[in-house]
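**Student:** This is the structure, below, for whatever I ask next.
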Amino acid sequence: AQSVTQLDSQVPVFEEAPVELRCNYSSSVSVYLFWYVQYPNQGLQLLLKYLSGSTLVKGINGFEAEFNKSQTSFHLRKPSVHISDTAEYFCAVGSGGSYIPTFGRGTSLIVHP
Amino acid sequence: DAGITQSPRHKVTETGTPVTLRCHQTENHRYMYWYRQDPGHGLRLIHYSYGVKDTDKGEVSDGYSVSRSKTEDFLLTLESATSSQTSVYFCAISDTGGLGNEQFFGPGTRLTVL
Chain S
16 AQSVTQLDSQ VPVFEEAPVE LRCNYSSSVS VYLFWYVQYP NQGLQLLLKY
66 LSGSTLVKGI NGFEAEFNKS QTSFHLRKPS VHISDTAEYF CAVGSGGSYI
116 PTFGRGTSLI VHP
Chain G
121 DAGITQSPRH KVTETGTPVT LRCHQTENHR YMYWYRQDPG HGLRLIHYSY
171 GVKDTDKGEV SDGYSVSRSK TEDFLLTLES ATSSQTSVYF CAISDTGGLG
221 NEQFFGPGTR LTVL
């Protein structure tokens, strides 16, 4: 079975500050991981994903995430956030033979001017 | 943007009434999914389809049924709506069942059951 935990339900930050959104997963087999973003009143869209290879994954809008197998984590980072990054962020994990990922509960990123 | 539409976008209904939500795609993707999104719960899978007339249950399927008679349409039916089914419903599609395949999401349907 696979599961994912997003450790923070809400992360407030000031514009141009760095941010890290935390995600931990559990799975007994190899995994693949996603970060999705949901802007207000919209559906989700993919930010980045990890399948294999380099543990540092770069995505759209300046976001990146690092896969850490020993800590079972896939934290999302951005060195300098903008007001427009205010959104809900979802981490998702898939593993084994399942092609359907399990989503976390989401982290609300609130960027203040 | 992937061609996914959901209808209706908003609906208010009363307890006990049947409700059908429609997801329509123009991408010819094989896989389609229905999720519900609730505060504190994130996205939870209701049902999914891996081809025409091929569907299976997700983690929160009780009280819901689905049908897929054409590649482009995936219907979600609440046979007798309850207040606990008040939620935002998202349809998603993906083109393969391979590991790590990206899902594309529709704009959502906000359903309120009074």
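Sequence order for the protein chains is S and G. Quick note on our numbering: the first sequence kicks off at 16 and runs consecutively. Quick note on our numbering: the second sequence kicks off at 121 and runs consecutively. The C-beta atom is built at its ideal place from N, Cα and C for all residues, glycine as well. Nothing here was measured: the structure is a model prediction, and the numbers come from that model.
(1) Can you pull the chain S residues whose beta carbon is under 7 angstroms from the beta carbon of residue 165/G, in chain order?
(2) Return the chain-ordered list of same chain residues with a C-beta closer than 6 angstroms to the C-beta of residue 82/S, the five sequence neighbours on each side being excluded.
(3) Give every residue of the same chain whose Cβ lies closer than 7 angstroms to the Cβ of residue 123/G, excluding the five residues on either side of it in the sequence, and list them in chain order.
(4) Could you name the residues that DSSP lists as bridge partners for residue 47/S?
(5) Could you tell me whether the Cβ atoms of residue 142/G and residue 209/G are closer together than 8 angstroms?
(6) I'd like to check one pair, residue 230/G with residue 130/G: are the Cβ atoms closer than 8 angstroms?
(7) Along chain G, in chain order, which residues have C-beta atoms closer than 8 angstroms to that of residue 64/S?
(8) What is the rounded straight-line gap between the Cα of residue 164/G and the Cα of residue 120/S?
(9) DSSP beta-bridge partners for residue 222/G?
(10) Along the chain, where does the beta strand (DSSP E) that runs through residue 90/S open and close?
(11) Mind listing the chain S neighbours of residue 168/G? Cutoff is C-beta to C-beta under 8 angstroms, in chain order.
(12) Mind checking which residues open and close the beta strand (DSSP E) that includes residue 27/S?
(13) For residue 77/S, which residues of its own chain have a beta-carbon under 6 angstroms away from its beta-carbon, when the five flanking residues on both sides are left out?
(14) Cα separation between residue 196/G and residue 186/G?
(15) Going straight from the alpha carbon of residue 233/G to that of residue 136/G, what length do you get?
(16) Out of 224/G, 161/G, 212/G, 201/G, state which residue places its alpha-carbon closest to the alpha-carbon of residue 183/G.
(17) Buried or exposed: where does residue 127/S fall if 16 or more other Cβ atoms within 10 Å of its Cβ makes it buried?
**Tutor:** On the basis of the data shown:
(1) As a working mapping, residue 165/G is identified with position 45 in the second sequence. Think of a sphere of 7 angstroms around the beta carbon of residue 165/G: the chain S residues whose beta carbon falls inside it are 115, in chain order.
(2) If you number the first sequence from 1, residue 82/S lands on position 67. The residues are 65, 70, 89.
(3) Here residue 123/G is taken as the residue at index 3 of the second sequence, counted from 1. Taken in chain order, the residues that qualify are 145, 146, 147.
(4) The residue given as residue 47/S occupies position 32 in the first sequence. Residue 47/S has 109/S as its beta-bridge partners, per DSSP.
(5) Here residue 142/G refers to the residue found at position 22 of the second sequence. Here residue 209/G refers to the residue found at position 89 of the second sequence. In terms of Cβ geometry, residue 142/G and residue 209/G do not form a close pair [threshold 8 angstroms].
(6) Numbered from its first residue, the second sequence carries residue 130/G at position 10. Numbered from its first residue, the second sequence carries residue 230/G at position 110. Yes, these two residues count as a Cβ contact at 8 angstroms.
(7) Counted from its first residue, the first sequence places residue 64/S at position 49. Against residue 64/S, the close residues of chain G are 220, 222, in the order they occur along the chain (beta-carbon pairs closer than 8 angstroms).
(8) Here residue 164/G is taken as the residue at index 44 of the second sequence, counted from 1. Here residue 120/S is taken as the residue at index 105 of the first sequence, counted from 1. Taking the Cα positions, residue 164/G is about 9 angstroms away from residue 120/S.
(9) Against the second sequence, residue 222/G aligns to sequence position 102. The secondary-structure analysis by DSSP pairs residue 222/G with nothing; it has no beta-bridge partner.
(10) Here residue 90/S refers to the residue found at position 75 when the first sequence is read from its first residue. Element bounds for residue 90/S: 88-93.
(11) The residue given as residue 168/G occupies position 48 in the second sequence. Taking a Cβ-Cβ cut-off of 8 angstroms, the neighbours of residue 168/G in chain S comprise 115, given in sequence order.
(12) On the first sequence, position 12 is the one that residue 27/S refers to. In the DSSP assignment, residue 27/S falls within the unbroken beta strand (DSSP E) covering 25-29.
(13) On the first sequence, position 62 is the one that residue 77/S refers to. Correct list, in chain order: 93.
(14) Against the second sequence, residue 196/G aligns to sequence position 76. Against the second sequence, residue 186/G aligns to sequence position 66. Cα to Cα, the separation comes out at about 5 angstroms.
(15) Within the second sequence, the letter at position 113 stands for residue 233/G. Within the second sequence, the letter at position 16 stands for residue 136/G. Spanning the two alpha carbons is a distance of roughly 9 angstroms.
(16) The residue labelled residue 183/G in the question sits at position 63 within the second sequence. Restricting attention to 224/G, 161/G, 212/G, 201/G, the CA atom closest to the CA of residue 183/G is found in 201/G.
(17) The residue given as residue 127/S occupies position 112 in the first sequence. Residue 127/S is exposed by the Cβ-count criterion.
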